[in-house]
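>
In UniProt numbering, the protein residues as written are 1 to 276.
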């Protein structure tokens, strides 16, 4: 059996590969069409003009879905591993799920509201994606700390903690350089500025900001790589428990269900249950 066939590790692997492709393909298209400068443009700039914005939007929406699925599987795995008495960790695990899903929703907003058209909505999406994404990494690192050494190894905890510091450092660097860039370009429509000339005002701050954004994006990707070995040890299944042998709401008269087995199956399907 290949490694990606073990458990559900294909899910974080697919998330990482697809998300990386969501950055790279629009970037190549935008550079070839000369819509952006080849030297580290903003990721959002590579999804601003057609046709690359169409590719960027679709691929990022799929990444958001894969991210939500991956976070749900992680939630179910931690829930199954923790004791029912660990109320604080169970609550923290639930909070982490909703925080992660909020980050994924922000990714959809970033992908579908270009900064050159609706800048403030794009900015809200970026705050949701990066801010809640960093908080998700922090919460998962705390869970990993509390679950080691009996459930998690110390190595995994330290690795996730290092990625968390990488993420935090990238956010701080991007924020500071962006503030410097915008304050030095008063009167310039910076969100619509896609081409930069070396030596012009704000160029250095712009480059630091874009590099920080790429570092931030790949820190998120790197974090989900740490799930691959964990996901090799979990499978999910859907249990179908039908409660009726038909789909009619019989209020009077003859009920055809009486001709069938009295043990009527169900159509109520609970949420996926994790097995570790």
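All C-beta atoms in this analysis are idealised placements derived from N, C-alpha and C, irrespective of residue type, glycine included. These figures come from a predicted structure and were not determined experimentally.
What first and last residue would you give for the alpha helix (DSSP H) that runs through residue 158?
Here the alpha helix (DSSP H) through residue 158 covers 154-184.
> Helix, strand or coil for residue 118? Go by DSSP, reduced to three states.
Note: residue 118 maps to coil in three-state DSSP.
> Looking at C-beta atoms only, is the number of pairs between the stretch 47-56 and the stretch 25-36 that lie closer than 8 Å three or more?
As far as the Cβ criterion goes, the stretch 47-56 touches the stretch 25-36, which means the pair count is three or higher.
> So does the stretch 223-238 actually touch the stretch 5-17, counting three or more Cβ pairs closer than 8 Å?
Yes, the stretch 223-238 is in contact with the stretch 5-17.
> Going by DSSP in three states, residue 83 sits in which element: helix, strand or coil?
Coil, per DSSP.
> Could you compute how far the alpha carbon of residue 178 sits from the alpha carbon of residue 209?
Roughly 6 Å separates the two Cα atoms.
> Check whether the Cβ atoms of residue 90 and residue 82 lie closer than 8 Å to each other.
Taking 8 Å as the Cβ cut-off, residue 90 and residue 82 qualify as a contacting pair.
> Taking the alpha helix (DSSP H) that residue 229 belongs to, which residues open and close that run?
Run containing residue 229: 228-231, per the alpha helix (DSSP H) assignment.
> Which residue comes first and which comes last in the alpha helix (DSSP H) that contains residue 33?
Segment: none, residue 33 is in no alpha helix (DSSP H) and carries neither H nor E.
> For a test of the three-state rule: what should DSSP assign to residue 214, helix, strand or coil?
Helix at residue 214.
> Would you check if the stretch 154-171 and the stretch 114-134 touch, i.e. whether three or more CB-CB distances between them fall below 8 Å?
They touch, by the three-pair rule.
> Among 55, 78, 121 and 62, which residue has its Cα nearest to the Cα of residue 139?
Comparing Cα positions, the closest option is 78.
> Where residue 197 and residue 203 are concerned, what is the direct C-alpha to C-alpha distance, given to the nearest angstrom?
For residue 197 and residue 203, the distance between alpha carbons rounds to 7 Å.
> Residues in its own chain within less than 6 Å of residue 45 by CB, not counting five upstream and five downstream?
Taken in chain order, the residues that qualify are 36 and 194.
> On the three-state DSSP scale, how would you describe residue 249?
DSSP places residue 249 in coil when its eight states are reduced to three.
> Between 126, 115, 24 and 154, which has its C-alpha nearest residue 102's C-alpha?
Per the Cα distances, 126.
> Taking the straight line between their C-alpha atoms, what separation do you get for residue 68 and residue 241?
Computed Cα separation, rounded: 25 Å.
> Rounded to a whole number of angstroms, what is the C-alpha to C-alpha distance between residue 95 and residue 200?
Their backbone Cα atoms lie some 45 Å apart in a straight line.
> Give every residue of the same chain whose Cβ lies closer than 7 Å to the Cβ of residue 163, excluding the five residues on either side of it in the sequence, and list them in chain order.
For residue 163, where only same-chain residues beyond five positions count, the Cβ hits under 7 Å are 137, 219, 222 and 223.
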